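S.K.:
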Amino acid sequence: MVAWPIVVAATSSIVARLGAYAFLRWIPGHHFPPVIVAATAVYLTVVFAQSVAFGDHRPKLAQVFPRLFPKDEGNHEQPDSGEGEDSAEPVLYDDEKKLLKIFVVGIPDWRESGYSYVTMVINVLLALLTLDLVFRGPLLHPVQDLRFSRVGFVDQTSAKVLFREPDPAQLPVYVHLKASGSSSWTTTDRIYYLDADTDYTYPLTFTGLSPDTSYTYSLSNDLSGKFTTAPAPFSPKANSLIFVTSSCIKANFPYHPFSHSLTFHGFEYLSKALRSLPNPASFMLFLGDFIYVDVPLRLSSSYLHYRAEYRRAYASPSWSLPRLSSLPWLHTLDDHEIANDWSGGNDTAPFPAASDPFIHYHVAVNPPIPPTSSNSDETNTTYFQFTRGPASFFLLDTRRYRTHPEPQPSSSPINPAISSNHSMLGITQLSSLLTYLRTPEPEYVHFKIIATSVPFTKNWRFGTSDTWGGFLSERSQILNAMHTAERDLGVRIIILSGDRHEFGAIRYPPPIVSMNANGSDVVYDRTPASGPHEFSVGPLSMFYLPFRTFRQIDGEDVVLKYEPDGNSKFGVVDLKNLEGKGGDQKAIFKYTLWVDGEVEWEVITKRYAKDIWDSNHHGTNQFDHHPAALKRRMRDSTSPPAARDVKPPVVRPPSLVMKPTSASPVGSPPPTSASTLLSLTSKEWIVPPRPKPGRKPATDTPPSRRKAQNRAAQRAFRERRAARVSELEEHLKQVEDENDKDQDELRAHITRLENDLEQCRAEMLGWVEKPADMGEGTGIGCDKRSRSPGSGHQPDKRIKTEPQDSLEVDFTAMYSKPLPRTLSEQVSPTSAIADPCGFCSDSTPCICAEMQAEREADQQASAHSLSRGHPASISQFTPPPSEGDVSLPIPAPAPNSTASICASGPGTCAQCRSDPNSTLFCKSLAASRVQVAGSGSSSGSGCCGSRTPGGGCCQSTSAPTAPAPLPSRTTRSRTTASSNPSTASPFNTLPPPRSKAGVTLTCADAYTTLSRHPAYERASGEIASWMPKLHASDALLSSRSAGTQVKPRPAMEIDAANVMAVLKDFDRRFGRNC
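With the working numbering, the residue at position 617 of the sequence shown is 625, and numbering never jumps.
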């Protein structure tokens, strides 16, 4: 016989393990934690107190796990000899039985001490995980300092936003609002006081908004968010509406030990579905159980504990997932926000404590109350009504006004006696709902949607009394009003419900006739898709029931779909107003069920035009018992299913016709009128016509599960493809709009630059056409470098590889200076070299006189020497000729030759106009010359102040005469740079002394030579370091016409030696092959 300690240990271990699995992965009921902890405690007590029953010797942990628990080397205890005797027993399956008992049942065996301790640790670990699920959230996350904001109800011209700010240092809180596309913020509100009465929450209301506009709100305490107003009625976007519906969330369930204790795992699937929608969802219609105050354990019933549960729900990190932070949430109240299966009214504890945070956190930003409600206290009214797009909504409160359920079903499901003692809605709310159902809607509204936190159907056979199945009298009254609204108003009635952790789709066909006087036998319309439809979905993030509790019990509640599995289930509702594009179809209602992040099922319900609706239900009255009407309705109800929602019904031969007889039921009074209730006692069978051959269209229910899965997968693929194509088209349109905007900005910028260029050209032409009294300027400023007047002209000493002084050019300071008003402020005119130039003084050498003497010498010798070709010394400075170079000897230029010369100013030659980099080079060189010349003069007064009588140089002794023409110079130029000669010259800056036979390059040719260097791009970033090394001189272009000297602006030419020096500097600093 098995010892009692083994039985107790095995029982407690099994209870602890099964209970922990059910609690952590199945249902986090409040019964499990105490059972699991108690079973684990009993298990450990029995194992350690009665260890002899599990073996002769219980080894210590240090003996079983020597690495984890080291011991002294001198202590060597030998195991009992009995262990060796037991191991020597030749039992065939002894090891397998040991392991089975140890790991599965949890019974330790000290002969397998290591495995025994492991199974004990498993039981202890399961108990600890149970306690972790219960207490980690409340203990580690009190969230007293929670700060958050969320979007509530939003309509065409207003929006509601809730925020919480417990820090008084942030007060007052300023509220700012900005519309999309606007850069200005508008201050809409200032909150000076928040206290604990509202748990530091405040509902903001933005009014005067524009329809279909995105807004961004920002608070001075660094909280912000976005919302989009509803489109205006009759606008194109008002013809469609997409929203999400679900219920029931519990943090960190199913339990994950390494997840955040406030994480909602179902929100990841919700975020995935929201991102896959073709258009953003307008709102989330959440149908109760936002918190589970009694799951897994009720720790308190005070209003402070209820508030803490709401704060923990809003402190979840799952709200930061994409598309969730800006999604408006609309809430209804259910039992777990109060107590499980609550039906105690609104005055019994703990309802007042539970209602406090629900009003502050949810009702404050919910939709408005019905206009027909007689309740004047809007704050405590928790049922709501609003219209959005092609649908109107009525949100019920099934807990605040509820009484205890009916003790038994009503005797008549058709017209039962209404009992005021048992009600789910209360008199006021029921009256508002019935008024809503019989009120006509605008022509653009095609659906009336009723949201209830508990299922409207009575098909759930477990916990039926907590649903509308416990209030059948009130349910029957509301259902009759729904049938009447569909028949008389031509709208479709949709019921959305939650609470049950299963999905069920139910159709309520309208009754046609009652067969008995008491209404117990009813014939219902069998037309497909007739009657109101209900979609009950849940949970969003919670457990699901592994056993089936849903079944159809009569023809009043017809099952369309039942899906119990899945920890995360929600529905996506898509409403579309066809605006006459669907023929007889006026609107479409599409419901898509998502289970654990995948599309599981979808259905489409259509709304027809009023005349088509009347033809489908012509003369229909559920209490009309005329024999002709009865026969017609029975023929319609028993005819084969047809696509009545696609086209008007076609009269077909009935497959079964039931004819009433004139006999009256026994015990019933004889008929007195044509409307007297008749009973059917005979049947006439008619063979239906033979179906047409060929392939039949697919039915609503596929014949096999595999086909259903294939259809669902294909449908999901088409939807994903359509969503992806729509997303790409939207992105393409956005890119095209940005491209068009950039092009417009660039065109406008080009136009501005062209206008500036024309203005600059006009100013330059004005400078060229100045009066002759300005004279011929030989340069801007005067070179102040000391130079001996008697020094000879030595060409070999004039060409330097590197200048002795390294000039730094401050372009910022140069360009920040205002432009001179007149040219005379910078250029000192001179009539001839004999006249004083105005730039020299008596104590300084006159460069003008030296230049005049140099020109006279060069005029005689350079023409003959340069016509024979380039000097031999140039080869050591110039690079090897390339394909674009001209290697033929260049004769002296003709009087009108201006090839590759910026004659109208820097950047005006053909090459500069074709190459922006060449333009930048020329203008930078001219600016450098101006800066160097300016730094060498004193306030532009020249070297002598122009004190000579003729205004010339002070050291010139000859009479003012016309300047001699410049000697011809040899240039090395590319053939492509001389296509468009000019007639003007760049800025005048006096060059340094030049040798008689010095070789020069034009500005464009110098740029061409430098740009061929591999390191030019890198060196262009340091242009200020090497640009001053290029010493430029003036090339005066002259021509004689009738003995008159033409004096255009001189062009710039650069000594070839300086160009070579810069090239060598490039080689030294950057290398030849960089």
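Where a beta carbon is used, it is the ideal one built from N, C-alpha and C, also for glycine.
None of these values were measured; they are calculated from a predicted model.
1. Rounded C-beta distance between T380 and S440? I'm assuming under 8 Å.
2. Rounded to whole angstroms, what is the Cα-Cα separation between A1064 and M772?
3. Relative to the C-alpha of D496, which residue among G506, T460, H454 and G477 is closest?
4. By the three-class DSSP mapping on this structure, what secondary structure does H454 have?
5. Assuming V169 and V373 form a contact by the criterion Cβ under 8 Å, report the distance between their Cβ atoms to the nearest whole angstrom.
6. Only counting the same chain, and skipping five residues up and downstream in sequence, which positions put a Cβ closer than 7 Å to that of A361?
7. Do the region 320 to 334 and the region 145 to 156 make contact, defined as three or more Cβ pairs closer than 8 Å?
8. At the level of alpha carbons, what is the spacing between S333 and V252?
9. Could you give the first and the last residue of the continuous beta strand (DSSP E) run that contains H268?
10. Once DSSP output is grouped into helix, strand and coil, what is the label at H1039?
11. Have a look at the DSSP bridge pairing and note the partners of L403.
12. Take D302 and list the residues in its own chain whose beta-carbon comes closer than 7 Å to its own, dropping the five residues that flank it on each side.
13. Does L179 come within less than 8 Å of chain D when only Cβ atoms are used?
14. Using beta-carbon positions only, say whether T237 and T165 come within less than 8 Å of one another.
15. Rounded to the nearest angstrom, how far is the Cβ of G296 from that of T224, given a contact under 8 Å?
16. Give me, in chain order, the residues of the same chain whose beta-carbon lies closer than 6 Å to that of A47; leave out the 5 immediate sequence neighbours on both sides.
17. Cβ-heavy atom distance between F242 and the ligand HEM below 7 Å?
18. Please look up how many angstroms separate the CB atoms of P518 and H491, rounded, as I've assumed it's under 8 Å.
19. Candidates Q919, L141, P42 and A1040: which alpha carbon is nearest P265's?
20. Do T221 and A187 count as a contact pair if the criterion is CB distance below 8 Å?
21. I'd like the list of long-range same chain contacts for D474, defined as Cβ closer than 6 Å, with 5 residues on each side in sequence excluded.
22. Could you please give the first and the last residue of the uninterrupted alpha helix (DSSP H) stretch that includes M1068?
23. In angstroms, rounded to a whole number, what distance separates the CA positions of F401 and L335?
24. Give me the Cβ distance between I110 and E120, rounded to the nearest whole Å; I'm assuming they're in contact under 8 Å.
25. Based on the DSSP output, what are the partners of H184 in its beta bridges?
26. Under 8 Å Cβ to Cβ from T927, same chain only, skipping five residues before and after it: list those, please.
27. Taking contact to mean at least 3 C-beta pairs separated by less than 8 Å, is the region 572 to 584 in contact with the region 262 to 281?
28. Let's test the definition: count the other Cβ atoms within 10 Å of the Cβ of F543 and tell me whether it reaches 16, buried, or not, exposed.
29. When the Cα of Y208 is compared with those of A177, S218 and S255, which residue comes out closest?
30. Mind checking E746: buried by the 16 CB within 10 Å criterion, or exposed?
31. To the nearest angstrom, report how far apart R728 and G189 are at their CA atoms.
32. Just to confirm, are L179 and D197 a CB contact at a threshold of 8 Å?
33. Less than 7 Å between C-beta atoms, sequence neighbours within five positions excluded: which residues of the same chain meet that for T472?
34. From what residue to what residue does the beta strand (DSSP E) around P211 run?
35. When we look at the beta-carbon of I458 and count the other beta-carbons within 10 Å, is it buried (16 or more) or exposed?
M.R.: Here's the rundown:
1. Correct: roughly 5 Å between the Cβ atoms.
2. 29 Å
3. H454
4. coil
5. 7 Å
6. S309, S310, Y311 and Y314
7. yes
8. 14 Å
9. Neither: H268 is in no beta strand (DSSP E) and is coded neither H nor E.
10. Coil.
11. F392 and A459
12. Non-local beta-carbon contacts of D302 in its own chain, meaning distances under 7 Å to residues more than five positions away in sequence, involve H38, H344, A347 and N348 in chain order.
13. This model lacks chain D altogether, as it is built from one protein chain only.
14. Yes, Cβ-Cβ distance for T237 and T165 is below 8 Å.
15. Actually they do not touch by this definition, with Cβ atoms about 31 Å apart.
16. S20, V23 and A24
17. Looking at this structure, you won't find the ligand HEM or any other ligand, since it has none at all.
18. Between H491 and P518 the Cβ distance is about 4 Å, and since that is below 8 Å, they are a contact.
19. L141
20. Taking 8 Å as the cut-off, the Cβ atoms of A187 and T221 count as close.
21. D349
22. Segment A1064 to F1078, the alpha helix (DSSP H) holding M1068.
23. 18 Å
24. 6 Å
25. T195 and S226
26. P914, G915, C920 and R921
27. yes
28. buried
29. A177
30. exposed
31. 30 Å
32. no
33. K466 and G478
34. T209 to F214
35. buried
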